[in-house]
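End of the sequence shown = 561 in this note's numbering, gap-free, step of one.
Structure record follows, encoded as structure tokens.
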Amino acid sequence: MDWITEIFTNTQSVAHIVLLYSVVIAIGVLLGKVKFGGISLGVTFVLFAGIVAGHIGFTAPTDILTFMQDFGLILFVFMIGMQVGPGFFESFGTAGIKLNGLATAAILLNIAVMFGCYYLFFDTSNPNNLPMLVGTLYGAVTNTPGLGAANEALNSVFTDNAPQIASGYACAYPLGVLGIIGATIAIRYICGIKFANEEHSLAQQDEANGAVKPYRLRLKVTNQYLEGKTMLQVHDFLNRDFVCSRILHDGHVSIPNRDTIFHLDDQLNIVCAEADAEAIIAFIGPEIEIDWEQQDQPMVSRRIIVTNPSINGKTLGKMHFSSVHGVNVTRVTRHGIDLFASVSLPLQVGDRIMVVGPEDAVARVTSLMGNSAHRLNAPNIATIFIGIIIGIIFGSLPFAIPGMPVPVKLGIAGGPLIIAILIGRYGYKIRLVTYTTTSANMMLREIGLVLFLASVGIKAGAGFWETVVQGDGLLYVASGFLITTIPILIIGTIARKRYKFNYFTIMGMLAGTYTDPPALAYANSVCSKEAPAVGYSTVYPLSMFLRIFTAQIIVLFFCGA
């Protein structure tokens, strides 16, 4: 039986290290699924499992723990960047600017409340108290990447014996999850909000925002001005973006192109933005019922998946679908969202395009696009590691700022995150295939996260009892609760009273600001529409970036003083 004892006690063996991580991660993930009052801590329970393992001496060499911690963090934040990158800059619309402004204000308030607790409740002469409160801050806002960024920055400031701030994080996290949901519910009563009224308001907004969806029209040409005019001339004069997928002339159906000539009584199949439908009908002619049975050759509609890497980044206009291939693209579906097929829309690997045309022409376009679903099942590993290489180099660049003890670096958290966002948004322009299935992204991200949490927990476990239970643990818990709730109550009330945002949108915005999936899950459970998810996704990219960036600024500017 000595071999079993050796596996559990020989900290230098590979078998022991693998067993350690496997036990901690498995137990943490399983316990994280247990719900307390309908809420679970999720994968973050791996941190607590690691703390217990470290406390009882079930550990590994420090250099191994540090490597696994840093590698897990890099993988985690990079995959987050790849996920949010495509919509990062698009989130700054009219309402998006306001929501992101409110999220930024909440993040700054979190930091302000942290410093308020530091000066009110703690001994400022103790150099470990502020770093521990930084850990408490990121537990209170349930943001693990921020903890990783702060941890990394601390290692650059404290060359020896950097504070194990995961203890503060662990103290604040459970009540942080509950506090976010509780404070969000409190806003409902503070502002006198009724769910039924909010649902009705969302229904009215959906009707007003119908322009974002493709809209199909079947029209008869009755405007005499259009007689003898080409499709391009009509398009330019009307100044509305539309696609004419079929035209019925003299009993025959054909696929029009820019040079197709319009005649009176022609019958058209048009796809446009819903907001433009009324103007197009008024200019071309009334809606009618059309029988497409009579046609020169069989017409088909087919949804094609873009899997050919050479197509990545090319706009619909440059593909010349109608003039060269004899087909029309009427809509593009990306990440489950239908987009209008504008000529300026760049195609990306993973897009699904609706193509209408003769059967043989559609078949040729299908071959050109790739349409190989199995090619999308594997993540683009090369793109991921190329991005990590660039991110590590970018994160290592020093930026000297007056007043700081050491040059600021974005580090292994901030550098890969920014590069991943840029690659996710603009990678197609340099022929990088950035498409990764949601499941593959989630798998890589979760692997990185559990490696990071397990490592941090194991390292913090040795001194957890002395730091928390015998030290200022209750103060950390109380401070974390204040850090969580005060900004939500202030910003949520302002969002409602001053900016008149829908309560469900506010719920999503606050969940995204705190990057907290349980809060989003609660919001979705009480709303029948997509408003919470929209609010969450609008502020999540910027919030994640600011959480990571401000973590390093706080540590380098204040903890290094």
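Note that beta-carbon positions come from the ideal geometry of N, C-alpha and C, so glycine has one too.
Cut-off 8 Å between Cβ atoms - residues of its own chain near residue i, not counting five sequence neighbours on either side
i           : result
residue 288 : 218, 219, 220, 267
residue 441 : 79, 82, 83, 379
residue 201 : 502
residue 228 : 261, 262, 263
residue 166 : 47, 51, 135, 147, 151, 456, 457, 459, 460
residue 7   : 13, 15, 16, 19
residue 280 : 217, 219, 238, 240, 242, 270, 272
residue 65  : 59, 455, 458, 459
6 Å CB neighbourhood of residue i in its chain, flanking five on each side removed
i           : result
residue 168 : 132, 135, 136, 476
residue 150 : 134, 551, 555
residue 99  : 509, 538, 539
residue 244 : 256, 268, 270
residue 516 : 142, 180
residue 45  : 28, 31, 32
residue 77  : 145, 413, 416, 417
residue 198 : 502, 503, 504
residue 276 : 240
residue 231 : 256, 258, 260
residue 542 : 100
residue 546 : 107
residue 514 : 141, 142, 180
Chain-order list of residues whose beta-carbon lies under 7 Å from that of residue i (same chain, five-residue window excluded)
i           : result
residue 473 : 171
residue 223 : 283, 284, 285
residue 58  : 20
residue 123 : 129
residue 558 : 130
residue 4   : none
residue 311 : 347, 369
residue 190 : 493
residue 562 : For the chain, the structure presents residues 1 to 561; residue 562 sits outside this window and is missing.
residue 296 : Only weak support exists for where residue 296 lies, its pLDDT of 48 falling under 50; the coordinates are left without a value.
residue 362 : 300, 302, 327, 355
Beta-bridge partners of residue i, as assigned by DSSP
i           : result
residue 248 : 253, 267
residue 261 : 230
residue 35  : BP columns for residue 35 are empty, so no partner.
residue 242 : 272
residue 562 : Because the chain is modelled from 1 through 561, residue 562 falls outside the range shown and cannot be assessed.
residue 370 : 306
residue 219 : 268, 287
residue 346 : 315
Limits of the unbroken alpha helix (DSSP H) element including residue i
i           : result
residue 288 : It is not in any alpha helix (DSSP H) - residue 288 carries neither H nor E in the DSSP assignment.
residue 386 : 381-395
residue 13  : Counting along the chain, residue 13 falls outside any alpha helix (DSSP H), and DSSP gives it neither H nor E.
residue 481 : 473-497
residue 504 : 503-513
Practice item. Just list the alpha helix (DSSP H) runs in the segment 153-196, keeping only unbroken ones of 4 residues or longer that don't cross its boundaries, in chain order. Key: 166-190
Practice item. Taking only runs that begin and end inside the segment 51-85, name each unbroken alpha helix (DSSP H) of 4 or more residues, in chain order. Key: none
Exercise for review: Would you check if there are 3 or more beta carbon pairs closer than 8 Å linking the segment 298-309 to the segment 348-356?
Suggested key: yes
Review point. In the segment 104-132, which residue ranges form an unbroken alpha helix (DSSP H) of at least 4 residues, counting only runs that do not cross its ends?
Key: none
Review point. Pairing CB atoms from the segment 504-516 with CB atoms from the segment 93-113, are three or more of them under 8 Å?
Key: yes
Review point. Does the segment 411-430 touch the segment 382-393, meaning 3 or more C-beta pairs lie closer than 8 Å?
Key: yes
Point to revise | Three or more C-beta pairs below 8 Å linking the segment 49-58 and the segment 432-451 | key: no
Practice item. Evaluate contact between the segment 108-118 and the segment 479-492, counting only Cβ atoms and requiring at least three cross-stretch pairs below 8 Å. Key: yes
Exercise for review: Inspect the CB distances between the segment 518-529 and the segment 494-501 and report whether three or more fall short of 8 Å.
Suggested key: no
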